[in-house]
Amino acid sequence: MSVVPTEVHLREAEGRLNITWSDGSTSEYSLAYLRGWCPCAGCQGHFQNEMTFVTDASTTLTNVEPIGGYAMRPVWADGHKSGIFSFQYLRELAVAPPPRRHEGVPDWGLLPTGTPSSKA
Ligand SMILES: [Zn+2]
Numbered sequence: 866m867s868v869v870p871t872e873v874h875l876r877e878a879e880g881r882l883n884i885t886w887s888d889g890s891t892s893e894y895s896l897a898y899l900r901g902w903c904p905c906a907g908c909q910g911h912f913q914n915e916m917t918f919v920t921d922a923s924t925t926l927t928n929v930e931p932i933g934g935y936a937m938r939p940v941w942a943d944g945h946k947s948g949i950f951s952f953q954y955l956r957e958l959a960v961a962p963p964p965r966r967h968e969g970v971p972d973w974g975l976l977p978t979g980t981p982s983s984k985a
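One rule links them: number in our numbering = place in the sequence shown (from 1) + 865.
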C-alpha cells in the first residue's frame, strides 16, 4: 500500500508547506524549493537528462489540488499549475533535491588511475 498525504498544511507566512503522510512521517518544504523543482515540461523543457531549478517564478502558493489519489498539483500565484507532483516525487524531494542524471557519461571514479603524475 502506497503512502499518501493525510494532511497538507500551507504556512503561508513562513513560505512553507507541511505534509503529514499516512505512515506517520512528516515532510516540510519551502515554497521556493517546491516551485524550483516543478516537474512540468514547461519548467523542465524537453531535455530530461538533468532537472532544472526554476528561480524566475512566483513562489506564492494559492492552492493545492489533489490529482487522482497519486499526486497533487500546486497552484501558484502567477497562474502556473501544470506541475504534477506525485507523492513519490514529493517524498523524494523531502529527502534531497532531484538527482541530476547523466546517463551515458562514464563514471570517472572507476577509470584506471595508473597515470604517472608529474610533480613539479
Ligand atoms: Zn512547471
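All C-beta atoms in this analysis are idealised placements derived from N, C-alpha and C, irrespective of residue type, glycine included.
Note that the structure is a prediction, hence the values are computed from the model and not measured.
Nearest to Y894 by alpha-carbon distance, out of P904, H874, G910, is H874.
Around V940, the same chain offers T927, N928, K946 as residues with beta carbons nearer than 6 Å, after the five sequence neighbours per side are excluded.
Taking 9 Å as the cut-off, the Cβ atoms of P904 and G948 count as close. By alpha-carbon distance to P963, the top candidate from T885, I884, G933, V919 is V919. If the five residues before and after I932 are omitted, its C-beta is found closer than 7 Å to the C-beta atoms of R938, I949, all from its own chain and listed in chain order. The shortest CA-to-CA distance from R956 to any of E879, G880, D888 is the one to D888. C-alpha of S951 to C-alpha of S890: approximately 17 Å in a straight line. Ordered by chain, the residues meeting the criterion of a beta-carbon within less than 6 Å of a non-hydrogen atom of ligand 1 are C903, C905, G907, C908, H945, S947, G948.
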